[in-house]
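Residue numbers (my numbering), protein chains in the order written: chain B, 9 to 229; chain H, 488 to 1149; chain V, 4 to 110.
In this text, a Cβ means the ideal position worked out from N, Cα and C, and glycines have one as well.
Presented below is the structure to which this report refers.
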Amino acid sequence: MIEFYVLAFVLIASAIFVITAKKAVYSVVGLLLHFAALAIMYLTLAAEFLAVIQLIVYSGAILMLFVFVIALLSSGVAPFSVGPNRLPKIAVPAILTVAVILAFLIYGVAHVPAVAPHGVGQSALVNGTFGAPNPSVAQTGTGSTHGPVGAANVFGSVGDFGKALFTTNLLPFEITAFILMVAVIGVILLAGDAAPYVQSRRRARIVERDMREAILRAGEE
Amino acid sequence: MGVTGSYPVLFVIWLLPLLGAIAIWAFGPQLKRFAGVLGSAAIAASFVAALVSWGIATQGSGTQIGAQQPLFTWLQGFDFGLLLDPLSLIWVLIITGVGFLIHLYSVGYMWSDNAIARFFAYLNFFVFAMLTLVLSDNFVGLLVGWGLVGLASYFLIGFWFFKPSAVAAARKAFVMNVVGDVGIMFAIFIIVTKAGSIRFADVFANPHALDPWLFWTCVFLFIGAAAKSAQLPLHTWLPDAMEGPTPVSALIHAATMVTAGVYLVARCAPLWSASHDAQTLVGAVGALTALAGALLGIAQWDIKRILAYSTMSQIGYMIMGVGVGAFTAGVAHFFTHAFFKACLFLGSGIIIHALSDEQDIRLMGGMRKRTPVAFWAMGGAVLAISGVPGFSGYFSKDQVIYGALEHGYAWMWAIGLLTAGITAYYMLRLFIVTFFGAYRGDMNPADVGIALRQAQDDQSHQGAMIAHETHEPHAQDHDHAPGWIMGVPVAILGVFSVIAGYIMIGPGSPWARFFDQSFPRETLPPTAISEAVTTGLAIVMLIVGAAVAYWRYGTRAALADAPARLKRESETLPAVLVRLYYWDDLIEWLFVKPSQVLGEFFGRWMDPHFVDGVVREIVLTNRFLGSLMRSFQTGLLRAYALIIVFGAACFAVYYALEGAMR
Amino acid sequence: MPHESLLPVALINYISLSLVIFLIGVAGVLLRRNPLIMLMSIELMWNAANLLFLAFARSWMNNAGHIFAFLVITVAAAEAAIGLAIVVVVFRARANVDVDEVALMKG
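Structure (structure tokens):
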């Protein structure tokens, strides 16, 4: 009970810090804190495996990537916000929109059913007694019960998750592998070899200049 | 129909001219004048092939007559093929025979024209088209040939395309001919619907299958015939068509193409025999055209235009003959007319050539000495066309006139006789003014009554200037063709003009026997006036017409006083004849002017205000919508993100409200 | 009856928390001009969604939510990699990464 509110406070505070920090590297620190708190919250939700994944992938991999990029871009020239803010007017409507959404969503969320609507992967524990799997959802859900941590039949454990991932959801799992591969190839193509991009940088300047002139001409007409 | 099986020689007759045309088209620049020899050879070979086919074309009986060659089947009821029976044989022989002589003559006439190869390509193409028309064994094939000869005629009238008048004449001829094509098309629609077949044999086997549309089929067919044969009211293109080179006038606009209407009526004889109303209509149009053309011939001064109106008049005779049912007589007149009219045109071509393109007979005179071949040949032809006994026109024209009476049309008979007298008058007028007296070409044109010559001269001068640039100069170079090349064909045609009639004397003549099987035979009641009386009256009319002409132009005093008399006549000609019955003005007023007004309306108002207006509104609307859409394309990443958030917010609001409603 | 007894607090708390974090992420994307911080804000939004998946999975005792969260993490990793690569490339071409300056596609 109390841990939820502590964690919620940490999460919101760190999130606000992320988007308000002056320097990106401070944001990274805030984000690190955020991810750590989130991992703890996952543990309270009986998602042990995902808590670990959260720490390893987000804190370990993605944030490190951010740090490297910041280090790369911060060397020498001042990279960020060189020009005027071209979107000053959106700040007010954006915040207004956010406020409206917030109001509406909280109003609507109050009506969200806490149980799954009928037919949407209903829980095996629908009748409130553990250990009595509902045969109608045995193939879609887990049919797991509380038990020792790590055991295959415990909800949210590594065994439970792995079983679901490699049997029922094998195809989505393979697709994630494919997505990651595509991402790797894409990154290599985009940022892999600098030489073509020196050229393309020059080309981009020319293109940009031509287009500016074209836009100016169009404006004059 | 005809001899079962096939007769491939028809391909030779039919396609040789096309091969010649293609070869000349392809190798024209290399062939140059040799193109004329090649073209003439193709036609001559075709003529020989037609002669060879004489026997097979005339054998058989009833509807089973002639040689045929199936080509292909298109749809059910659309069997195409070639057919050579006595009727088409006569036309093929005239087309290729007279055509060959005119080709030969053209070699000389077009000798110094740089575009001689193009000329012969067109000419050969015309012969091919005309053969398509007469050899086809069905209505659709006939229509194809019908259209192609119109196209060839268009090419050849507009051959000297640097002359604006020639281009205008070509266009006029083409448009008027298309009116006729559409008429035939309608007739074919009726035939296909009612008879289920387009073959002549099937349709003619039972003409009454077309009832109750039989009369209208004939009318539509005759619209085509009238347009092609320059019958009232579609006659005005023919005189203008004289803008083409003279051999073209001789071949297309005298001997062959313009008689296609006669061919069509004769070919469809069973239809006409079955519809008495149609016979009356066609006969009446023919008779009126004969008279109208002859009257117009009186008032013309251009030698080729006189001959053009005379052609119109003579075709009126033929149409009258085939219209009333005297098919043999109508075709006979076509046969003799082909010789004497081609001869007249080619002879006038010699004169025009000798006078460096002068065509006004008031500026001629005394040509007897300068062009003796033309004098003798045209002399024979004039006697023939006038119907002097013993000359070819006498036999055929009498048959036509008497045929009208025989079939019960006394008033056509009277018109025929009257026209015979007028014909004698204007032909003799042409002959005397051209060949006798003193040469007037070096006189001031105003002294012989030629007004407004200046403007015309300017125009033709301009044309000549262009001609100088595009072609070899016409009159300048002295590289003239050998004289015989133009003289011999004229002489041959002259001889035929004189003798061609001797095969058609009396009912048992070779001519009548030739067509024994072709046309429906009918027994006619004896007429009140015998053929001998008709002949006698015709001779009287001839003498009267000739005497008037002689008295006005031919006496010693008249010849001596010729310039003054011609001037006086030019000034006193009845306006209604000079203006061609105001027919062109009427067409101008009825069709051309309204079309122009309509065009003005569409061009000045409809297009800029309505059509362009709609387009402009569409453009403006799209530009407005585009500017709206463009305002979203700010290029700013965060603006796009905002739009996405807004869209997501809309979904969120929707689902939140939906959840609250539930 | 819902099995909120399995959750430390009522489900509505998780939903509200997730929503707040998500909207903080949205605000970061809209208001910041530093592309790195924008990418981090996007990560915040991913994580808010993940939190919701896990809360519902726990509430309904259905580990399909875990699978979804796993997929989200994968896609987020890919997205971060590509996004950072784009930032690097843009920096190479322009010597700065101000997102308001990268506006060639203006209509």
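**Study point:** Under 7 Å (Cβ pairs) to chain B, residues found in the region 31-44 of chain V
**Key:** GLY31, LEU33, LEU34, ARG35, ARG36, ASN37, LEU39, ILE40, MET43, SER44
Practice item. Give a yes or no on whether the C-beta atoms belonging to ASP103 of chain V and ARG1125 of chain H are separated by under 9 Å. Key: Here residue 103 of chain V is taken as the residue at index 100 of the third sequence, counted from 1. Here residue 1125 of chain H is taken as the residue at index 638 of the second sequence, counted from 1. Cβ distance < 9 Å, so ASP103 of chain V and ARG1125 of chain H count as in contact.
Exercise for review: Could you work out which residue in H:VAL1132, H:ALA825, H:ALA688, H:ALA765 is closest to PRO101 of chain B when comparing CA atoms only?
Suggested key: Locating residue 101 of chain B in the first sequence gives position 93, where the first residue counts as 1. Looking at the Cα atoms, H:VAL1132 is the closest of the given residues.
Practice item. With a floor of 4 residues, list each alpha helix (DSSP H) that falls wholly inside the region 840-911 of chain H, ordered by position along the chain. Key: 854-857, 859-873, 879-893
Exercise for review: Spell out a yes or no on whether the region 773-786 of chain H and the region 895-910 of chain H are touching, meaning 3 or more CB-CB pairs, one atom from each, closer than 8 Å.
Suggested key: yes
Check your understanding: Would DSSP call ARG686 of chain H helix, strand or coil?
Key -> Counting from one through the second sequence, the residue named residue 686 of chain H turns up at place 199. Of the three classes helix, strand and coil, the one that applies to ARG686 of chain H here is strand, per DSSP.
Check your understanding: Going by the CB atoms, is the gap between ILE685 of chain H and ILE671 of chain H shorter than 9 Å?
Key -> Mapped onto the second sequence, residue 671 of chain H falls at position 184. Mapped onto the second sequence, residue 685 of chain H falls at position 198. No, the pair does not count as a contact, with Cβ atoms beyond the cut-off.
Practice item. Would you mind stating whether TYR641 of chain H and PHE615 of chain H have Cβ atoms separated by less than 9 Å? Key: Residue numbering aside, residue 641 of chain H sits at position 154 when the second sequence is read from its first letter. Residue numbering aside, residue 615 of chain H sits at position 128 when the second sequence is read from its first letter. With a cutoff of 9 Å on beta-carbon distance, TYR641 of chain H and PHE615 of chain H are scored as not near each other.
Point to revise | Residue-level contact to chain H via CB, VAL29 of chain V, 9 Å cutoff | key: Residue numbering aside, residue 29 of chain V sits at position 26 when the third sequence is read from its first letter. At least one CB of chain H lies nearer than 9 Å to the CB of VAL29 of chain V.
Check your understanding: When the cut-off is 9 Å and only beta carbons count, does PHE1133 of chain H lie next to chain B?
Key -> Start at 1 with the first residue of the second sequence, and residue 1133 of chain H comes out as number 646. Yes, PHE1133 of chain H lies at the interface with chain B (some Cβ there is under 9 Å from its Cβ).
Practice item. Answer yes or no: does any C-beta atom of chain H fall closer than 9 Å to that of LEU55 of chain V? Key: Locating residue 55 of chain V in the third sequence gives position 52, counting from the first residue. Judged by the 9 Å Cβ criterion, LEU55 of chain V is not in contact with chain H.
Check your understanding: If you draw a straight line from the alpha carbon of LEU33 of chain V to that of LEU14 of chain V, how long is it in whole angstroms?
Key -> Taking the first residue of the third sequence as position 1, residue 33 of chain V is located at position 30. Taking the first residue of the third sequence as position 1, residue 14 of chain V is located at position 11. In a straight line, the C-alpha of LEU33 of chain V is about 29 Å away from that of LEU14 of chain V.
Practice item. Could you check the C-alpha separation between VAL669 of chain H and ASP1072 of chain H for me, to the nearest Å? Key: Position 182 of the second sequence holds residue 669 of chain H. Position 585 of the second sequence holds residue 1072 of chain H. Taking the Cα positions, VAL669 of chain H is about 24 Å away from ASP1072 of chain H.
Review point. What's the C-alpha gap between HIS958 of chain H and ASN601 of chain H?
Key: Position 471 of the second sequence holds residue 958 of chain H. Position 114 of the second sequence holds residue 601 of chain H. For HIS958 of chain H, the predicted model reports a pLDDT of 43, less than 50, meaning its position is unreliable; a value from the coordinates is still stated below. About 5 Å.
Point to revise | Start-end ranges of the beta strand (DSSP E) lying completely within the region 612-641 of chain H, minimum 3 residues | key: none
Practice item. Take PHE673 of chain H as the anchor and find which of H:PHE707, H:LEU758, H:TYR881 has the nearest alpha-carbon. Key: Here the question's residue 673 of chain H lines up with position 186 in the second sequence. Scanning H:PHE707, H:LEU758, H:TYR881 for the CA closest to the CA of PHE673 of chain H turns up H:PHE707.
Practice item. Report the neighbours of ASP218 of chain B on chain V: residues whose CB is nearer than 9 Å to its CB, in chain order. Key: Translated into positions along the first sequence, residue 218 of chain B becomes position 210. Those do not exist, as ASP218 of chain B stays about 10 Å from chain V at its closest Cβ, beyond 9 Å.
Check your understanding: Does DSSP classify PHE94 of chain V as helix, strand or coil?
Key -> The residue given as residue 94 of chain V occupies position 91 in the third sequence. Reduced to three states, the DSSP call for PHE94 of chain V is helix.
Check your understanding: Is ALA781 of chain H helix, strand or coil by DSSP?
Key -> Numbered from its first residue, the second sequence carries residue 781 of chain H at position 294. In the structure shown, ALA781 of chain H sits in a helix (DSSP, three-state: H, G or I).
Check your understanding: Mapping DSSP to helix, strand and coil, what is VAL162 of chain B?
Key -> To locate residue 162 of chain B, count along the first sequence from 1; it is residue 154. If DSSP states are grouped into helix, strand and coil, VAL162 of chain B belongs with the strands.
Practice item. Over the uninterrupted beta strand (DSSP E) stretch that includes GLY568 of chain H, give me the two end residues. Key: In the second sequence, residue 568 of chain H corresponds to position 81, counting from 1. Residues 566-571.
Point to revise | Interface partners of THR184 of chain B on chain V, CB under 8 Å | key: Taking the first sequence and counting its residues from 1, one reaches residue 184 of chain B at position 176. Correct list: PHE73, LEU74, THR77, VAL78.
Point to revise | Cβ-based neighbour list, SER44 of chain V, same chain, cut-off 6 Å, excluding 5 preceding and 5 following | key: Stepping through the third sequence from its first residue, residue 44 of chain V is reached at position 41. Hits under 6 Å: GLY28, GLY31, VAL32.
Check your understanding: ALA52 of chain V CB to nearest chain B CB: under 9 Å?
Key -> Translated into the one-based positions of the third sequence, residue 52 of chain V becomes position 49. No, its Cβ sits nowhere closer than 9 Å to a Cβ of chain B.
Check your understanding: So what's PRO101 of chain B in DSSP terms, helix, strand or just coil?
Key -> Residue numbering aside, residue 101 of chain B sits at position 93 when the first sequence is read from its first letter. The answer is helix: DSSP assigns PRO101 of chain B an H, G or I state.
**Study point:** Interface flag, ILE214 of chain B vs chain V, CB-CB below 9 Å
**Key:** Residue numbering aside, residue 214 of chain B sits at position 206 when the first sequence is read from its first letter. Answer no: the Cβ-Cβ gap between ILE214 of chain B and chain V never drops below 9 Å.
Review point. Taking Cβ positions, are LEU20 of chain V and LEU54 of chain V nearer each other than 9 Å?
Key: Your numbering for residue 20 of chain V matches position 17 in the third sequence. Your numbering for residue 54 of chain V matches position 51 in the third sequence. Taking 9 Å as the Cβ cut-off, LEU20 of chain V and LEU54 of chain V qualify as a contacting pair.
Check your understanding: So what does PRO557 of chain H bridge to, in DSSP terms?
Key -> Taking the first residue of the second sequence as position 1, residue 557 of chain H is located at position 70. DSSP lists H:GLY568 as partners of PRO557 of chain H.
Review point. Counting contacts by CB-CB distance shorter than 9 Å, is ALA55 of chain B in contact with chain V?
Key: For this step, residue 55 of chain B is matched to residue 47 along the first sequence. Interface residue, yes.
Review point. Which of the three DSSP states, helix, strand or coil, is assigned to PRO504 of chain H?
Key: Mapped onto the second sequence, residue 504 of chain H falls at position 17. Collapsing the DSSP output to three states places PRO504 of chain H in a helix.
Review point. Do VAL920 of chain H and ALA1049 of chain H have their C-beta atoms within less than 9 Å of each other?
Key: Translated into positions along the second sequence, residue 920 of chain H becomes position 433. Translated into positions along the second sequence, residue 1049 of chain H becomes position 562. Yes; because the gap between Cβ atoms is below 9 Å, this pair is in contact.
Review point. Buried or exposed: THR77 of chain V, going by 16 or more other Cβ atoms within 10 Å of its Cβ?
Key: In the third sequence, residue 77 of chain V corresponds to position 74, counting from 1. Buried.
**Study point:** Reference VAL860 of chain H; option with closest CA among H:LEU1129, H:GLY852, H:VAL975
**Key:** Translated into the one-based positions of the second sequence, residue 860 of chain H becomes position 373. The candidate whose alpha carbon is nearest that of VAL860 of chain H is H:VAL975.
Exercise for review: Report yes or no: is there a C-beta of chain H within less than 9 Å of the C-beta of LEU14 of chain V?
Suggested key: The residue you call residue 14 of chain V lines up with position 11 of the third sequence. No - not a single Cβ of chain H is within 9 Å of the one on LEU14 of chain V.
Check your understanding: Is there at least one Cβ from chain H nearer than 9 Å to VAL26 of chain B's Cβ?
Key -> Looking up residue 26 of chain B in the first sequence gives position 18. So, not an interface residue.
Practice item. Please name the residue or residues paired with ASP789 of chain H in a DSSP beta bridge. Key: The residue given as residue 789 of chain H occupies position 302 in the second sequence. According to DSSP, ASP789 of chain H bridges with H:ASP847.
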